[in-house]
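Asker: Residue numbers (the numbering used here), protein chains in the order written: chain A, 1 to 10; chain B, 1001 to 1215.
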Amino acid sequence: CYQEPPKDEL
Amino acid sequence: MNIFRLAGDMTHLLSILVLLLKIYATKSCSGISRKTQELYAIVFVARYLDLFTDFISVYNTFMKVVFIASSLAIVWCMRFHPMVRRSYDRELDTFRHYFLVGASFALALILHEKFTVQEIFWAFSIYLEAVAILPQLVLLQRSGNVDNLTGQYIFFLGAYRAFYILNWIYRYLTEPHFTRWIACVSGVVQTALYADFFYYYFISWKNNSKLKLPA
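1. What is the DSSP secondary structure of residue 1212 (chain B), reduced to helix, strand or coil?
2. For residue 1145 (chain B), which beta-bridge partners are listed by DSSP?
3. Between which two residues does the alpha helix (DSSP H) carrying residue 1119 (chain B) extend?
4. Mind checking which residues open and close the alpha helix (DSSP H) that includes residue 1071 (chain B)?
5. Does the Cβ-Cβ distance between residue 1018 (chain B) and residue 1149 (chain B) come in under 7 Å?
6. Can you give me, in chain order, the residues of the segment 1118–1132 of chain B that have a beta carbon less than 9 Å from any beta carbon in chain A?
7. At which residues does the alpha helix (DSSP H) containing residue 1008 (chain B) begin and terminate?
8. If I follow the unbroken alpha helix (DSSP H) through residue 1186 (chain B), where does it start and stop?
9. Alpha carbon to alpha carbon, what distance is there between residue 1082 (chain B) and residue 1160 (chain B)?
10. Cβ closer than 8 Å: which chain A residues qualify as neighbours of residue 1005 (chain B)?
11. Is residue 1056 (chain B) close to chain A, meaning its C-beta is less than 7 Å from at least one C-beta of that chain?
12. Below 8 Å on the Cβ atoms is my contact criterion, and I expect residue 1151 (chain B) with residue 1107 (chain B) to pass it. Report the Cβ-Cβ distance as a whole number of Å.
13. Three or more beta-carbon pairs under 8 Å between the segment 1124–1136 of chain B and the segment 1176–1187 of chain B, yes or no?
14. Compare the beta carbon distance of residue 1156 (chain B) and residue 1014 (chain B) with 7 Å and say whether it is the shorter of the two.
15. Assess, as a yes-or-no matter, whether the segment 1023–1033 of chain B is touched by the segment 1043–1054 of chain B under the definition of 3 or more beta carbon pairs within less than 8 Å.
16. With three or more beta-carbon pairs closer than 8 Å as the criterion, would you say the segment 1049–1062 of chain B touches the segment 1133–1143 of chain B?
17. Name the chain A residues that come within less than 9 Å of residue 1064 (chain B), Cβ to Cβ?
18. Note down, in chain order, each residue of its chain lying with its Cβ closer than 7 Å to the Cβ of residue 1036 (chain B), except the 5 sequence neighbours on either side.
19. Does the segment 1115–1129 of chain B come within contact of the segment 1046–1055 of chain B, defined as at least 3 CB pairs closer than 8 Å?
20. Suppose contacts are defined by Cβ-Cβ distances below 7 Å. Is residue 1144 (chain B) in contact with residue 1194 (chain B) by that definition?
21. Take residue 4 (chain A) as the anchor and find which of B:1180, B:1204, B:1214 has the nearest alpha-carbon.
22. Of the choices B:1102, B:1034, B:1078, B:1076, whose alpha-carbon is the least far from that of residue 1139 (chain B)?
23. Alpha carbon to alpha carbon, how far is residue 1012 (chain B) from residue 1032 (chain B)?
24. Check residue 1096 (chain B) in the structure and name its three-state DSSP category.
In structure tokens form, the structure reads like this:
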């Protein structure tokens, strides 16, 4: 399944 | 990383540098809301809990540490620095900011991506950041006069938000899975709060006059 990427914004 | 996000991060950094410069050079924090600064400190500490669990890039980690450290330093100066604290406009900075903290946390408990401690604190920080500028805007409205550095500080903060919206539009168009609804909707609300300030900022810039907000 599609895994949410880590939050890369500040 | 796209150009809009980089521009957003840089204007955010610049806003903090302008604020530090104002406090350092004039040894004064007049016109600055301590409540807004305390809210930002809470925002960064709550959002960057992932500092210890997710590594994204050196840039990302470095900026997170800078934002946490600078926001805590500003609050420390406004509370404890013998000269700076005397210039604090205590009687003008009366916005009940604890309501914002409570309401943001309640909303985070209802609306979040996953029901985990980190995700709830992340959503909380997004909601709180959206409204954290309110005590500052209320203080400016009450004092009427805005000194140059304070005006520039808020201008850069607003620019940071505007660039982040462009960044989301860009990411939405270029990345197949980009759907950060919580961040995007809160971000638009947050940017809208600056609209009034921007209007008066541009008027004063166009007329080459001092920034004044109507009572």
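Glycine is no exception: its CB is placed at the ideal position from the N, C-alpha and C atoms. Here the structure is a predicted model, which is why all the values come from computation and not from measurement.
Answerer: Reading it off the structure:
1. strand
2. B:1212
3. 1117–1131
4. 1058–1080
5. yes
6. 1122
7. 1003–1026
8. 1181–1193
9. 31 Å
10. 9
11. yes
12. Contact flag wrong, Cβ pair sits at about 31 Å.
13. yes
14. yes
15. no
16. no
17. 10
18. 1132, 1133, 1135, 1136
19. yes
20. no
21. B:1180
22. B:1034
23. 16 Å
24. coil
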